[in-house]
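Asker: Here it is, the structure, as structure tokens.
Protein chains: 2
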Amino acid sequence: MAKATIKEVAAEAEVSTATVSRVLNDSGYVSDEIRERVLEAVAKLNYQPSAIARSLKQDKTYMIGVIVPDISNPYFMGISRGIEDAVGAEGFQLMFCSSDENPEKEGRLLQLLREKRVDAVVLATAGGNDETVKALSESGLPIVLVDRKLGTETGGAGVLDLVAEDNEEGAYRLTGRLLEEGHVRIGVVNGPARVSTGRERFEGVLRAMRERGLREQPLVYNGAFSTEDGVRAVRKFLQADPKPTAIVSLNNRMSLGVLLEIVRSGLRIPEDMAVASFGEVEAISLLRQPGFYYIDQHPYDMGTRAGEILLRRIRKERAEEGPAIEIFRNEVNRIG
Amino acid sequence: MAKATIKEVAAEAEVSTATVSRVLNDSGYVSDEIRERVLEAVAKLNYQPSAIARSLKQDKTYMIGVIVPDISNPYFMGISRGIEDAVGAEGFQLMFCSSDENPEKEGRLLQLLREKRVDAVVLATAGGNDETVKALSESGLPIVLVDRKLGTETGGAGVLDLVAEDNEEGAYRLTGRLLEEGHVRIGVVNGPARVSTGRERFEGVLRAMRERGLREQPLVYNGAFSTEDGVRAVRKFLQADPKPTAIVSLNNRMSLGVLLEIVRSGLRIPEDMAVASFGEVEAISLLRQPGFYYIDQHPYDMGTRAGEILLRRIRKERAEEGPAIEIFRNEVNRIG
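Protein chains in written order, with the UniProt record's numbering: chain A, 1 to 336; chain B, 1 to 336.
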């Protein structure tokens, strides 16, 4: 099936190519009779206007780039689904990319999305690309940060739109629950220091310990937010002397690894090792007597907020406004 | 930062725009001295050639569309990672899309990928789009099917490239292990009938039962390959009279749901309910005494094979050849 060209459509409808273009782009006056003839020719020849050629004219690609650090983490998929539901109805399509927590790969993806002329970018950054991100934003590309701030931003007052969680406060409360139960020797499983969520959550852990007068520093394992990192952290903690009696894991993927390795080691949760997780773990119910604290998260709602913000940016409804900052506050829950 | 144009680059380098274009596209002769001048001007002005304009000239977008039914299923993410590793080194970028097991959404995504002029498509179909897929393929767009065949294809001899698993044989062996242990009342958790993997796996279950002379039909629950479907299937089976003593779950996501709901119901695995799964379940080690049969899968290897096939198709190395068919055969494993 050879592709029909706009010339063939024009010939079939006995009009000019400019008229065909006017009908298809819904621009300029065309009589109903001519419009009908063109649309019939389009249907007859199964003409597919090239989206690329069209986007050059309209200066819009209707594509939104979404870069997340781990495309298989249900948390980031929840965010993506929220974005998709917010922007899909307006005809925008998401292009998902995974940086795999690799700043260098993220840099290449940002460059690629710019080249593809996406209309906007949603970024959960792996860190290390502050200059690139700011340059893209200053060149006029709308960028909404989700979950993670740039490394150079502190507090909630950055220069870019942001939808994130109150990480410090959440981790503070989560750790507080363990300390109330009498734990003093804590193992902390964290991500790389270049990622803001990890830094902020760790601050919350330290504040909780400080306020209760604990002088002892926690044991810390820094991984890359993977299940395997949780496994490795537990192995490290079990070799410590004295061992921690409780583990705070600062991301859902690592928490699954923590739980898997504790169970494999024959330890009971929470009698032998208490566990608190920033983020839910779907599989937790496989444990007969879980005894498990966790911070619930609302990735879908965060995604819809991010989608709403970038729609307004694309439409230039708030070109002159400062950054939109949305911080979600989460509760501590207990299973078992 | 206003975007530099090719005219400004040409003026800066004191050459024609055609010469700038020849340097950037590496086409036609340009002296070393001129080339250097152009590249210096490009660097100085931070000129970004538009990938869209370039792709119109080269007739290549260097984008490969990947449509999977569930982007958060680790199985499909394994396939995607394999594809990415196979094609990334050649400069191709993946555009992930999730059909959410929705044939109508899949149809829209196929149309969108065509409009975006991707160089090839990898499709794990949700079913129901056979005519669209064939029309796209006949129009010259390379399409590699992974995991799932078109509804109209039988056996391994389709018209499109295919990388899949020997589903019938795998499910036959898996079910055989349960029957050898004396189970006769089996509950089968399956996906929608429009998906080839579910149909083929169910055939394998029936063959295993038939060959052992079992007259009784299995209890069947048809869901949509989600964790929640596994939960619902167990609830249904536990209300049956008599209840099944074993469950065969024909996809990894549903298997997690099956395990969660059995544990929540206070039943022991395998004493009260034996479980066999087509596909691994990462969280299985959370069970203290699992007793669990599963078919291992090799999504990453399937992805790299699919990537290799489509690279050859894009390069037209095998334009004249018939479809490439790769079937992976899997083993039954036991935990506990």
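Every residue, glycine too, gets a C-beta built ideally from N, C-alpha and C.
Quick caveat: nothing in here was measured; it's all calculated off a predicted structure.
Find out if the Cβ-Cβ distance for the pair A/Arg313, A/Val68 is shorter than 9 Å.
Answerer: For the purposes of this step, residue 313 of chain A is taken as the residue at position 313 of the first sequence. For the purposes of this step, residue 68 of chain A is taken as the residue at position 68 of the first sequence. Not in contact: A/Arg313 and A/Val68 (Cβ atoms no closer than 9 Å).
Asker: Taking B/Ser333 as part of the alpha helix (DSSP H), name the residues at either end of that continuous run.
Answerer: Translated into positions along the second sequence, residue 333 of chain B becomes position 333. It should be pointed out that residue 333 of chain B corresponds to Asn in this sequence rather than to Ser. Premise fails: B/Asn333 lies in the beta strand (DSSP E), 332-335, not in any alpha helix (DSSP H).
Asker: By DSSP, does residue 337 of chain A sit in helix, in strand, or in coil?
Answerer: Past the edges of chain A, shown from 1 to 336, lies residue 337 of chain A, and the structure says nothing about it.
Asker: With burial defined as no fewer than 16 other Cβ atoms inside 10 Å of the residue's Cβ, what is the status of A/Ser139: buried or exposed?
Answerer: Position 139 of the first sequence, counted from the first residue, corresponds to residue 139 of chain A. Counting Cβ neighbours within 10 Å, A/Ser139 comes out exposed, since fewer than 16 surround it.
Asker: Fully enclosed by the segment 124-151 of chain B, which beta strand (DSSP E) runs are 3 residues long or longer?
Answerer: 143-146
Asker: With DSSP collapsed to three states, give me the class of A/Leu250.
Answerer: Against the first sequence, residue 250 of chain A aligns to sequence position 250. DSSP places A/Leu250 in coil when its eight states are reduced to three.
Asker: Would A/Gly303 and A/Ser80 be called neighbours here (beta carbons separated by less than 9 Å)?
Answerer: As a working mapping, residue 303 of chain A is identified with position 303 in the first sequence. As a working mapping, residue 80 of chain A is identified with position 80 in the first sequence. Yes, these two residues count as a Cβ contact at 9 Å.
Asker: Which residue or residues does DSSP assign as beta-bridge partners of B/Ala164?
Answerer: The count along the second sequence starts at 1 and reaches residue 164 of chain B at position 164. Answer by DSSP bridge pairing, in chain order: B/Ile327.
Asker: Quickly, what does DSSP pair residue 340 of chain B with across the bridge? List them, please.
Answerer: In this structure chain B extends from 1 to 336, so residue 340 of chain B is not present and cannot be described.
Asker: Short of 7 Å in beta carbon distance, which residues of its chain neighbour B/Arg114, apart from the five on each side in sequence? Order them along the chain.
Answerer: What you label residue 114 of chain B is simply residue 114 of the second sequence in a count that begins at 1. So the qualifying residues of the chain are Leu136, Leu141.
Asker: Kindly indicate which three-state DSSP category A/Tyr293 falls into: helix, strand or coil?
Answerer: Within the first sequence, the letter at position 293 stands for residue 293 of chain A. Reduced to three states, the DSSP call for A/Tyr293 is strand.
Asker: List, in chain order, every chain A residue whose beta-carbon is nearer than 9 Å to that of B/Leu256.
Answerer: Within the second sequence, the letter at position 256 stands for residue 256 of chain B. Glu282, Ala283, Leu286, listed in chain order.
Asker: Which residue's Cα is closest to the Cα of B/Glu104: B/Ser277, B/Met77, B/Glu331, B/Thr132?
Answerer: The residue given as residue 104 of chain B occupies position 104 in the second sequence. Nearest C-alpha to B/Glu104: B/Thr132.
Asker: Identify the residues that DSSP records as bridge partners of A/Leu94: which are they?
Answerer: As a position in the first sequence, residue 94 of chain A is number 94, starting the count at 1. According to DSSP, which records beta bridges pairwise, A/Leu94 is partnered with A/Ile64.
Asker: Taking Cβ-Cβ distances below 7 Å as the criterion, which residues of the segment 90-109 of chain A are in contact with chain B?
Answerer: Under the 7 Å Cβ criterion, the segment 90-109 of chain A contributes Gln93, Met95, Phe96.
Asker: Suppose the cutoff is 7 Å on Cβ atoms and the five residues either side in sequence are ignored; what does the same chain contact list for B/Leu214 look like?
Answerer: As a working mapping, residue 214 of chain B is identified with position 214 in the second sequence. So the list reads Val184, once near-sequence residues are dropped.
Asker: At 8 Å on the CB atoms, spell out the chain A contacts of B/Ser277, in chain order.
Answerer: Start at 1 with the first residue of the second sequence, and residue 277 of chain B comes out as number 277. By Cβ distance, chain A contributes nothing, its closest Cβ being about 13 Å from B/Ser277, past 8 Å.
Asker: How do the segment 268-284 of chain A and the segment 294-309 of chain A stand: do at least 3 beta-carbon pairs fall below 8 Å, yes or no?
Answerer: yes
Asker: Cβ of B/Ser249 less than 9 Å from any chain A Cβ?
Answerer: For this step, residue 249 of chain B is matched to residue 249 along the second sequence. Not one chain A Cβ lies under 9 Å of B/Ser249.
Asker: Name the chain A residues that come within less than 9 Å of B/Pro74, Cβ to Cβ?
Answerer: In the second sequence, the residue the question calls residue 74 of chain B occupies position 74. The answer, in chain order, is Ser72.
Asker: Grab me the residues of A/Ala193's own chain with a C-beta within less than 8 Å of its C-beta, minus the 5 sequence neighbours each way, in chain order.
Answerer: Here residue 193 of chain A is taken as the residue at index 193 of the first sequence, counted from 1. Leaving aside the five residues that flank A/Ala193 on each side, the residues in its chain whose CB is nearer than 8 Å to its CB run, in chain order, Arg199, Asn222.
Asker: Compile a chain-ordered list of the residues in the segment 260-272 of chain A whose CB is closer than 7 Å to at least one CB of chain B.
Answerer: Leu260, Val263, Arg264
Asker: Any Cβ of chain B within less than 9 Å of the Cβ of A/Thr17?
Answerer: Looking up residue 17 of chain A in the first sequence gives position 17. By this cut-off, A/Thr17 is not an interface position.
Asker: My understanding is that A/Val234 touches A/Ile262, with C-beta atoms under 8 Å, so please give their C-beta distance in whole angstroms.
Answerer: If you number the first sequence from 1, residue 234 of chain A lands on position 234. If you number the first sequence from 1, residue 262 of chain A lands on position 262. Their Cβ separation, rounded to whole angstroms, is 6 Å, which keeps A/Val234 and A/Ile262 in contact under 8 Å.
Asker: In or out: B/Met63 buried (at least 16 other Cβ within 10 Å) or exposed?
Answerer: Position 63 of the second sequence, counting from 1, holds the residue named residue 63 of chain B. By the neighbour-count rule (16 or more Cβ atoms within 10 Å), B/Met63 is buried.
Asker: A/Leu238 and A/Ser265 - do their beta-carbons sit closer together than 9 Å?
Answerer: By one-based count along the first sequence, residue 265 of chain A stands at place 265. By one-based count along the first sequence, residue 238 of chain A stands at place 238. Yes. Within cutoff.
Asker: Can you tell me whether DSSP reads B/Tyr47 as helix, strand or coil?
Answerer: Position 47 of the second sequence, counted from the start, is the residue given in the question as residue 47 of chain B. If DSSP states are grouped into helix, strand and coil, B/Tyr47 belongs with coil.
Asker: What is the DSSP secondary structure of A/Val121, reduced to helix, strand or coil?
Answerer: As a working mapping, residue 121 of chain A is identified with position 121 in the first sequence. The answer is strand: DSSP assigns A/Val121 an E or B state.
Asker: For a quick check, are the C-beta atoms of A/Gly128 and A/Ser196 less than 9 Å apart?
Answerer: The count along the first sequence starts at 1 and reaches residue 128 of chain A at position 128. The count along the first sequence starts at 1 and reaches residue 196 of chain A at position 196. Result no, Cβ atoms of A/Gly128 and A/Ser196 do not sit closer than 9 Å.
Asker: Assuming A/Leu219 is part of the beta strand (DSSP E), what are its boundary residues?
Answerer: Your numbering for residue 219 of chain A matches position 219 in the first sequence. That run of the beta strand (DSSP E) goes 219-222.
Asker: Since A/Leu219 contacts A/Gly191 with CB under 8 Å, what's their CB separation in whole angstroms?
Answerer: As a working note, residue 219 of chain A is residue 219 in the first sequence. As a working note, residue 191 of chain A is residue 191 in the first sequence. Actually they do not touch by this definition, with Cβ atoms about 16 Å apart.
Asker: So, B/Glu12 versus B/Leu39, is the Cβ gap smaller than 9 Å?
Answerer: By 1-based counting over the second sequence, the position of residue 12 of chain B is 12. By 1-based counting over the second sequence, the position of residue 39 of chain B is 39. Their beta carbons are not under 9 Å apart, which means B/Glu12 does not touch B/Leu39 by this criterion.
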